[in-house]
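Undergrad: In terms of the UniProt record's numbering, the sequence shown has 97 at position 97, counting the first letter as 1, and numbering is strictly consecutive.
Backbone N, C-alpha and C fix where the C-beta goes; we use that ideal spot for every residue, glycine too.
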Amino acid sequence: MAAELEEPRKPQNAYWIWLGESREALAKEAGSGKAPVIGKLAGDKWKAMSAAARKPFEDRAAKLKSEYEAAMEKFKAGGGQVGKRRLEKKEAKDAKQAKVAKKAKHDAEKASGKPPRPQNAYWMWLGENREALTKEAGTAKGPVVGKLAGEKWKALPAAVKKPFEDRAAVLKAAYDKALAEWKESNGGGEDGGEDADDTAVLGGA
1 MAAELEEPRK PQNAYWIWLG ESREALAKEA GSGKAPVIGK LAGDKWKAMS
51 AAARKPFEDR AAKLKSEYEA AMEKFKAGGG QVGKRRLEKK EAKDAKQAKV
101 AKKAKHDAEK ASGKPPRPQN AYWMWLGENR EALTKEAGTA KGPVVGKLAG
151 EKWKALPAAV KKPFEDRAAV LKAAYDKALA EWKESNGGGE DGGEDADDTA
201 VLGGA
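#1: Using the rule of at least 16 other Cβ atoms within 10 Å of the residue's Cβ for burial, across every protein chain shown, is A2 buried or exposed?
#2: With a threshold of 16 other CB atoms inside 10 Å of the CB of Q119, please say whether the residue is buried or exposed.
#3: Can you have a look at P157 and say buried or exposed, based on whether 16 or more other CB atoms are within 10 angstroms of its CB?
#4: Would you mind stating whether I38 and A27 have Cβ atoms separated by less than 8 angstroms?
#5: Mapping the DSSP letters down to three states, classify Q12 as helix, strand or coil.
#6: What does a CB cutoff of less than 8 angstroms around A168 pick up in its chain, not counting 5 residues either side in sequence?
#7: How would you call A149, buried or exposed, if buried means at least 16 neighbouring beta carbons within 10 angstroms?
#8: For A111, I'd like the list of residues in its chain whose CB is within less than 7 angstroms of its CB, leaving aside the five on either flank, ordered along the chain.
#9: Quick one: residues in its chain with C-beta nearer than 7 angstroms to the C-beta of F75, no 5 flanking neighbours on either side, listed in chain order?
#10: Given this structure, state the Cα-to-Cα distance separating G146 from Q97, to the nearest angstrom.
#11: Would A92 be called buried (16 or more neighbouring beta carbons within 10 Å of its own) or exposed?
#12: Which residue wins for smallest C-alpha separation from K183, given the options S66, G113 and K172?
#13: Measure the alpha-carbon distance for E29 versus L41 and round it to whole angstroms.
#14: Measuring straight from C-alpha to C-alpha, what distance separates M49 and D59?
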């Protein structure tokens, strides 16, 4: 299997090349290592620099840009997908933020005494079969394992699903009762969440 093409990284412009080489001196002059302070001083100094002083950095930046453009053409010609790495980074960042938000919500509910939502039948089955599914998928990546798990769960006969569904029903009944008692003791309130879909993509229960 051929290795995946790596998208060329966009090069720094003249200012950033100069800043990278001058950061230590700028921090010393600014009396601070804080980025906003250094950035302001650096911006002022760069604007005040003569064309002759800037030229070596501009020449290097032009060379790097030319090399980047050539590498990008080669990348695209080889079937590379432009922007894929940036998209993957964004998706990873969004997933991390969602995880943080979910934990914050969970912590708030826990502090309020609200009963935790039980797992449904699918998540119980997944929890007991995760190791085998990971081995079959050839990776522990959530989306990959989740896709395989969803397909297998859908294909399971009713008789195999039933033990998990029965256990989930018992837990759900206990949860509903505890939630009703919690709402009553807290003056009502809405239960804003929804049960996890049995075929949801792996992402945590």
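TA: From the atom records:
#1: In this prediction, A2 scores a pLDDT of 48, lower than 50, which makes its location untrustworthy; no coordinate-derived value is stated.
#2: buried
#3: Exposed.
#4: With contacts defined by Cβ atoms closer than 8 angstroms, I38 and A27 form a contacting pair.
#5: Coil.
#6: P118, Q119, N120, A121 and M124
#7: buried
#8: none
#9: L5, E7 and P8
#10: Distance between the alpha carbons of G146 and Q97 is about 20 angstroms.
#11: exposed
#12: G113
#13: 9 angstroms
#14: 15 angstroms
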